[in-house]
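Visitor: All residue numbers for the sequence shown refer to my numbering, where the first residue is 67 and numbers rise by one.
Glycine residues also receive a C-beta, built at the ideal position from the N, C-alpha and C atoms.
Pasting a structure here, questions to come.
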Amino acid sequence: MKKSFSANRSNRKTRMFLIIGAALLLVVALFLVYFFIWMPLQRYQDIPYSMNFITFDDAMTDAADQSPLDVSKMLERTSSLLVDGSGRAPLVTSGYLLQGALLRMTPMYSSHAEALDQIALLRVYIRLEDRKAADELSDYIFENYLHESGLLCGRISEIDASDEALAEPERRLQQTVTSEDPSLNATTAYIRALLEYQAIWGKTDDWSRVVALADAIYDAESGFYCDVAFRPSSSNEDVYIALFIPQDNEDLMAESPSYRAFHLSALDLYAFSLLAQADSAYQGMYDAALALVEGGRISDALPLYAESYSPDNGGYIYYYGSSRAISLLPSMYTMLHLAEVGRLSPDSKAFLESQIFNVGYLYTAYDLFEGTPITSDELTSAYGLTLQIAGMTGNANLYVRTIEHMNRFVATLVTSPGRDLIFKSVSDQRNIVFAEDNLQAMLGLPA
67 MKKSFSANRS
77 NRKTRMFLII
87 GAALLLVVAL
97 FLVYFFIWMP
107 LQRYQDIPYS
117 MNFITFDDAM
127 TDAADQSPLD
137 VSKMLERTSS
147 LLVDGSGRAP
157 LVTSGYLLQG
167 ALLRMTPMYS
177 SHAEALDQIA
187 LLRVYIRLED
197 RKAADELSDY
207 IFENYLHESG
217 LLCGRISEID
227 ASDEALAEPE
237 RRLQQTVTSE
247 DPSLNATTAY
257 IRALLEYQAI
267 WGKTDDWSRV
277 VALADAIYDA
287 ESGFYCDVAF
297 RPSSSNEDVY
307 IALFIPQDNE
317 DLMAESPSYR
327 AFHLSALDLY
337 AFSLLAQADS
347 AYQGMYDAAL
357 ALVEGGRISD
367 ALPLYAESYS
377 PDNGGYIYYY
387 GSSRAISLLP
397 SMYTMLHLAE
407 VGRLSPDSKA
417 FLESQIFNVG
427 YLYTAYDLFE
437 GTPITSDELT
447 SAYGLTLQIA
457 GMTGNANLYV
467 RTIEHMNRFV
477 ATLVTSPGRD
487 LIFKSVSDQR
497 NIVFAEDNLQ
507 AMLGLPA
């Protein structure tokens, strides 16, 4: 009997240990499921769309094949000259002034790295499915360009390059319209790149990053984040004499009247449409942006788009100063955003066709009322954007002719550091390689 009692007690202890062990294993299993399965799912939002990268027809592909423009060569040269060569990898430096004919005409890198250039390079990596390079650059952008406001800043700079003693080519290299303050443009572009990343590589933990950025740039009650301001002339309220960054110019903001504003070109309609497809809570953002952008068309004579919009006075700002000059570059980005959602107006398409087929050039600025160029300075970055617009709208004739125009700007000299890249000629027979010109072209060319 004693032996039987001892055996029963031993069996009960064994069963108790098994029950406790099973309970502990269940707790551990639930812990692992929570942290490694459930929690990551909360950080990821399925993106139910397919990317609308350009579908190149035979005519477009043939034109690109016969051109010196080649994405792989351009990216390789961009990496060696503007990324590794500048010593700022993984960042792409925004420009490089090539050596001139005289010994004193030494080469020079721009002192700043524009956020939009980094994001354009990131989108090139994503399009080419180079995940390692995309991960490295995306993380660097988020860690180094994120402003305390929750938006990305417009650029980062190594030095203050505002030296008045610089010659014109050097000044041209160092020119920038962005600042180290919050940038709506940079932030929306980065949201677009993050969504494209998710579309290709599936589940990531970047959705929380997308949500934080989207919430920082738009509020249903107050609208889009205003990152610039303007002040009208005291003698003519229809003439705006200053465009400035509010954080850097508190004295101008104190002068009455001053109005907050944001650039229309910052409203990436396709990015907002992707957000709305992923989460219907963002449909209002897309609808508001589309209405503002379409309402900013200037006129039948000049079917470009306003520079900015001010929620403070409910008006569009078309130009600054008294020259009535409409800058083409912001309108090019705005037209591309419209084309990507199928809303580019026929007269805007006709304007581009007229400039490419009839005039033969795209200039930096046009007269507000007459719609004619007011400068002989070509806007080299506009051609890459035109490629993208032509591709998005299926306009093969415009695409092919634009390629032909772009061939003039490609460096073919074997010994040139800028070989295979697009360059811009400036004064003193100097040439500058700008990152924007080349990256936007890459986004419009067959990979």
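Would you call the segment 245 to 265 and the segment 213 to 226 touching, i.e. three or more CB-CB distances under 8 Å?
Guide: Taking 8 Å as the limit for Cβ pairs, the verdict is that the segment 213 to 226 does touch the segment 245 to 265.
Visitor: Considering Ser346, what are the terminal residues of the alpha helix (DSSP H) in which it resides?
Guide: Neither: Ser346 is in no alpha helix (DSSP H) and is coded neither H nor E.
Visitor: Can you tell me whether DSSP reads Leu394 as helix, strand or coil?
Guide: In the structure shown, Leu394 sits in a helix (DSSP, three-state: H, G or I).
Visitor: In terms of residue numbering, what span does the beta strand (DSSP E) encompassing Ser374 cover?
Guide: Note, Ser374: beta strand (DSSP E), Ser374 to Ser376.
Visitor: For the alpha helix (DSSP H) containing Asp128, list its first residue and its last residue.
Guide: Asp124 to Asp131 is the span of the alpha helix (DSSP H), which, as asked, contains Asp128.
Visitor: Can you pull the DSSP bridge partners for Ala431?
Guide: Answer is Ser393, bridged to Ala431.
Visitor: Report the option in Gln132, Thr254, Gly161 and Glu142 whose CA atom is closest to the CA atom of Met351.
Guide: Among Gln132, Thr254, Gly161 and Glu142, the Cα nearest to that of Met351 belongs to Thr254.
Visitor: For Arg390, which option in Glu502, Phe122, Leu182 and Ala372 has the closest C-alpha, if you only look at C-alpha atoms?
Guide: Comparing Cα-Cα distances from Arg390 to each of Glu502, Phe122, Leu182 and Ala372, the minimum goes to Ala372.
Visitor: With H, G and I counted as helix, E and B as strand and the rest as coil, what does DSSP make of Pro106?
Guide: Interpretation of Pro106 is limited by its pLDDT of 41, a score under 50 that renders its predicted location unreliable; the figure taken from the coordinates is listed afterwards. The answer is helix: DSSP assigns Pro106 an H, G or I state.
Visitor: Just confirm the distance between the C-beta atoms of Leu428 and Leu335, as a whole number of angstroms; I'd bet it's less than 8 Å.
Guide: That pair is no contact at about 22 Å.
Visitor: Can you give me the Cβ contacts of Thr172 inside the same chain, cut-off strictly under 7 Å, excluding the 5 residues immediately before and after it?
Guide: These residues qualify, in order along the chain: Gln165.
Visitor: Classify Ser288: buried if its beta carbon has 16 or more other beta carbons within 10 angstroms, exposed otherwise.
Guide: Exposed, since its Cβ has fewer than 16 Cβ neighbours within 10 Å.
Visitor: Please state the DSSP three-state secondary structure of Gln495.
Guide: The answer is helix: DSSP assigns Gln495 an H, G or I state.
Visitor: Express the C-alpha separation of Val476 and Glu444 in angstroms, rounding to a whole number.
Guide: Between Glu444 and Val476, the C-alpha separation is close to 15 Å.
Visitor: Name the DSSP beta bridge partners of Phe417, please?
Guide: Its beta-bridge partners do not exist; DSSP assigns none.
Visitor: Among residues of its own chain, excluding the 5 on either side of Asn473, which ones have a beta-carbon nearer than 8 Å to its beta-carbon?
Guide: Excluding residues within five positions, the ones whose Cβ falls inside 8 Å are Ser133, Pro134 and Leu135.
Visitor: For Pro156, name the three-state secondary structure that DSSP assigns.
Guide: If DSSP states are grouped into helix, strand and coil, Pro156 belongs with coil.
Visitor: Taking only the alpha-carbon atoms, compute the straight-line gap between Pro114 and Glu262 and give it to the nearest angstrom.
Guide: Since pLDDT at Pro114 reaches only 48, below the 50 mark, its modelled position is unreliable, and no value is offered.
Visitor: Please name the residue, chosen from Val158, Met508 and Glu142, that lies closest to Asp183 on a Cα-to-Cα basis.
Guide: Nearest of Val158, Met508 and Glu142 to Asp183, Cα basis: Val158.
Visitor: Assuming Ser411 and Pro369 form a contact by the criterion Cβ under 8 Å, report the distance between their Cβ atoms to the nearest whole angstrom.
Guide: That belief holds up - the Cβ atoms of Ser411 and Pro369 are roughly 6 Å apart, short of 8 Å.
Visitor: Can you tell me which of the three DSSP states Ser138 falls into?
Guide: In the structure shown, Ser138 sits in a helix (DSSP, three-state: H, G or I).
Visitor: Tell me whether the beta-carbon of Ala354 lies closer than 8 Å to the beta-carbon of Ala125.
Guide: Not a contact, by the Cβ cut-off of 8 Å.
Visitor: If you draw a straight line from the C-alpha of Gly268 to the C-alpha of Gln343, how long is it?
Guide: Distance between the alpha carbons of Gly268 and Gln343 is about 16 Å.
Visitor: I think Arg485 touches Arg143, with their Cβ atoms under 8 Å apart; what is that distance to the nearest whole Å?
Guide: Rounded, the Cβ-Cβ distance is 6 Å, consistent with contact.
Visitor: Starting from Gly426 and walking both ways along the alpha helix (DSSP H), at which residues does that stretch end?
Guide: Where Gly426 is concerned, there is no enclosing alpha helix (DSSP H), given that its DSSP letter is neither H nor E.
Visitor: Whole angstroms is fine: what's the gap from Leu479's alpha carbon to Met140's?
Guide: Their backbone Cα atoms lie some 14 Å apart in a straight line.
Visitor: Quick check on the DSSP output: the beta strand (DSSP E) that includes His471 runs from which residue to which?
Guide: Per DSSP, His471 belongs to no beta strand (DSSP E); it is in the alpha helix (DSSP H), Ala462 to Met472.
Visitor: Which value, in whole angstroms, describes the spacing of the CA atoms of Tyr325 and Ser447?
Guide: Computed Cα separation, rounded: 30 Å.
Visitor: Considering Arg485, what are the terminal residues of the alpha helix (DSSP H) in which it resides?
Guide: Element bounds for Arg485: n/a, residue is neither H nor E.
Visitor: Once you ignore the five residues that flank Thr430 on each side, which residues in its own chain have a CB closer than 8 Å to its CB?
Guide: Contacts found: Ser393, Leu394, Leu395, Thr441, Asp443, Glu444 and Leu445.
Visitor: Please state the DSSP three-state secondary structure of Pro412.
Guide: If DSSP states are grouped into helix, strand and coil, Pro412 belongs with the helices.
Visitor: Would you kindly work out how many angstroms separate the C-alpha atoms of Leu434 and Ala155, rounded to a whole number?
Guide: Near 41 Å, if we compare the C-alpha coordinates of Ala155 and Leu434.
Visitor: If the criterion is Cβ atoms closer than 8 Å, does the pair Leu163 and Ile383 meet it?
Guide: Not closer than 8 Å, so no.
Visitor: Excluding the 5 residues preceding and the 5 following Ala200 in the sequence, name in chain order all residues of the same chain whose CB lies nearer than 8 Å to its CB.
Guide: Closer than 8 Å at Cβ, skipping near neighbours: Leu188, Tyr191, Ile192 and Tyr263.
Visitor: Please name the residue in Thr127, Asp128 and Ser146 whose C-alpha comes closest to that of Ser482.
Guide: Residue Ser146 is the option with its Cα nearest to Ser482.
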